[in-house]
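Visitor: One structure, as structure tokens, below. Some questions next.
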Amino acid sequence: MGNFILKGNIIFSDADRTLNVYENSYVVCENGISRGVFRIFDDIPSTYRDFELIDKKESLIIPGLVDLHVHAPQYSFRGFNMDEELLDWLNNNTFPEEAKYSNIEYAEKAYSIFADDIKNSFTTRAVIFGTIHKDATLLLMDKMEKSGLISYVGKVNMTRNSPDCLSESIKGSISATEEWLKETEGRFDRTMPILTPRFIPSCDDEMMEWLGQTRKRLGLRVQSHLSENPSEIQWVQELVPASKGYGDAYNINGMLGSKENPAIMAHCVYSDKAERDLLKKCGTFVAHSPESNLNLSSGIAPISLMLKEGINVGLATDIAAGSSISMMKQITLAIQSSKMYWRYIDNNVKPLSFADAFYIATLGGGKFFGKVGSFEDGYEFDALVLDDSAIRTADKVSVVSRIERAAYNEREIKITDKYVKGMAI
Ligand code: GUN
Ligand code: FE
């Protein structure tokens, strides 16, 4: 892991979402932890001053990006079959593809590609859906561990409204989940299990009740989907008539999590005030997936409103409803779709600024992992060193403009170094 100082143009968010820009400055890493950013070498506390100095010259240095919601098995059909809405898209594309992961040789091939590509992307931390298959999910966890990224990975539970090739009995799902949890014990340093009911339509009440109890008993995290699509929301009301809404249908079993042990809910496009209040009370993290929401015509989540209300928000690719593993691309799509929300839906909800979107991609989602997503003293040291020299201009461009430009022109950016908790990967 080591102790070192990186020198370059350093940019990071703080809690009020302002961008801090330190030109030609120094960030100190001690045993995986940031010891802060300094403009002048002599301001570095003397205990750190003899650490190895790595000069990154003109490069941009930013915290690693956190993908709060991504489906590893769907990576194999990224970028095609996008002409349907959620429920048809799941039945016609997603479920047949995920069924293939009962075959461990297929899983080996497909998950090697996913792990390789996410390792080489802007992402340093991820929260990942596997499939219902225990062995393939363990294989995915082994590959994520080897990648050096830090991640949560979930074996999916699906006990109803699913095709025979991708369905479990309640008893079968419980025992497979128990076995999976047992097999993860002591096996990883950087990879954690997370309970993963696909969504309410895929999980019987009894299954959710067991997951809720298991969450509490073992102190586990949860990830799922919430209020993504109008037909889905109506279906949930029919399936759980006693609930006051989709969020409440999870909350009945404690599946929105708690402040100490939060859950992630992807999308929340249609969460009304009552549902947003519930998310805030439970400390739930909203995984905003702007590209996915556009591709499946789901809608646009009012993210700046959620931030204003104090709800935890992170950014996500939601592969394969999102076509790209690039979290930089998601930053720009979050901004662009928020502008359309403001223009077409509610002109009281301000568009996201670049600083807002950079915040949700780093510190916003990083909070799910603890002190992650910033370079302030005490944060875990996740960093990307970016070479943007392929983008040519006649005049010199400021550092703050260069990072914004890097997000919009992400394909022209080279990641020259990547650190996760102080480890170069
Ligand atoms: N809701 C339930 N499953 C899924 C999925 O795989 N992707 C998306 N976008 N939404 C879902
Ligand atoms: Fe999803």
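Taking numbering that gives the first Met the number 0, the leading residue of the sequence shown gets 0, the next gets one more, and so forth.
For each residue, glycine too, the CB sits at the ideal point set by N, CA and C.
(1) If you reduce the DSSP assignment to three classes, tell me which class GLY364 lands in.
(2) How many angstroms separate the CA atom of ASP83 from the CA atom of PHE368?
(3) Could you work out which residue in ILE112, ARG401, GLU177 and ARG34 is closest to ALA71 when comparing CA atoms only?
(4) CA-CA distance, ASP13 and ILE149?
(5) Rank GLU22, LEU332 and VAL398 by C-alpha distance to the C-alpha of MET39 and give the top, closest one.
(6) Which class does CYS164 belong to by DSSP, given the choice of helix, strand or coil?
(7) From the DSSP output, in three-state form, read off THR136 for me.
(8) If you compare alpha carbons, which of GLY246, TYR249, VAL239 and CYS281 is closest to SER257?
(9) Quickly, what does DSSP pair PHE284 with across the bridge? List them, please.
(10) Would a C-beta distance cut-off of 8 angstroms place SER425 and SER226 closer than the cut-off?
(11) Kindly indicate which three-state DSSP category MET157 falls into: helix, strand or coil?
(12) Which residues count as close to ligand 1 when the rule is a CB under 6 angstroms from any of its heavy atoms, in chain order?
(13) Is the beta carbon of GLY147 less than 8 angstroms from the beta carbon of LYS118?
(14) DSSP state of ILE334, grouped into three classes?
(15) Given 7 angstroms as the limit, tell me if ALA265 has its C-beta closer than that to any heavy atom belonging to ligand 2.
(16) From which residue to which residue does the alpha helix (DSSP H) around LYS118 run?
(17) Give me, in chain order, the residues of the same chain whose beta-carbon lies closer than 8 angstroms to that of VAL396; leave out the 5 immediate sequence neighbours on both sides.
(18) If you draw a straight line from the alpha carbon of LEU138 to that of TYR100, how long is it in whole angstroms?
(19) Would you check if there are 3 or more beta carbon pairs closer than 8 angstroms linking the region 5 to 12 to the region 57 to 77?
(20) Between HIS68 and ligand 2, is there a pair consisting of the residue's CB and a ligand heavy atom that are separated by less than 7 angstroms?
(21) What are the boundary residues of the beta strand (DSSP E) that includes ALA382?
(22) Taking only the alpha-carbon atoms, compute the straight-line gap between VAL26 and ASN2 and give it to the nearest angstrom.
(23) Does the structure place the region 150 to 169 close enough to the region 90 to 100 that three or more beta carbon pairs sit under 8 angstroms?
(24) Going by Cα to Cα distance, which pick from PHE198, PHE128 and TYR418 is closest to PHE374?
(25) Span of the alpha helix (DSSP H) holding ALA86?
(26) Between the region 314 to 322 and the region 282 to 295, do three or more beta carbon pairs fall short of 8 angstroms?
(27) Locate the beta strand (DSSP E) running through LEU52, then write down its first and last residues.
(28) Just tell me which of ILE32, LEU351, LYS328 and GLN329 has its CA closest to the CA of MET339.
(29) Between the region 212 to 219 and the region 176 to 195, are three or more C-beta pairs nearer than 8 angstroms?
(30) Cα separation between GLU379 and ARG34?
(31) Taking all protein chains shown into account, do 16 or more other C-beta atoms lie within 10 angstroms of the C-beta of PRO301, making it buried, or fewer, making it exposed?
(32) Using a 10 Å radius around the Cβ and a threshold of 16 neighbouring Cβ atoms, would you call ALA273 buried or exposed?
(33) Which of the three DSSP states is assigned to PHE79 in this structure?
(34) Starting from the C-beta of ALA175, find all residues in its chain whose C-beta is less than 6 angstroms away, skip the five residues before and the five after it, and write them out in chain order.
(35) Can you give the Cα-Cα distance for ASP416 and ASP381, rounded to whole angstroms?
Guide: Reading from the atomic positions:
(1) helix
(2) Note that residue 83 is Glu in the sequence shown here, rather than Asp. The alpha-carbon atoms of GLU83 and PHE368 are separated by roughly 34 angstroms.
(3) ILE112
(4) 22 angstroms
(5) The sequence given here has Ile at residue 39, not Met. Out of GLU22, LEU332 and VAL398, GLU22 has the C-alpha closest to the C-alpha of ILE39.
(6) helix
(7) helix
(8) CYS281
(9) ILE263 and ASN311
(10) The requested residue 425 is not part of the displayed model; the chain covers only 0 to 424.
(11) coil
(12) HIS70, LEU85, LEU89, THR93, ARG197, PHE198, HIS224, GLU227, SER291, ASP317 and ALA320
(13) yes
(14) helix
(15) yes
(16) 103 to 118
(17) ARG404
(18) 11 angstroms
(19) yes
(20) yes
(21) 382 to 386
(22) 11 angstroms
(23) yes
(24) TYR418
(25) Checking the sequence shown, residue 86 turns out to be Leu, not Ala. Looking at the DSSP string, the run of the alpha helix (DSSP H) that includes LEU86 is 85 to 88.
(26) yes
(27) 51 to 62
(28) LEU351
(29) yes
(30) 9 angstroms
(31) buried
(32) exposed
(33) coil
(34) LYS133
(35) 11 angstroms
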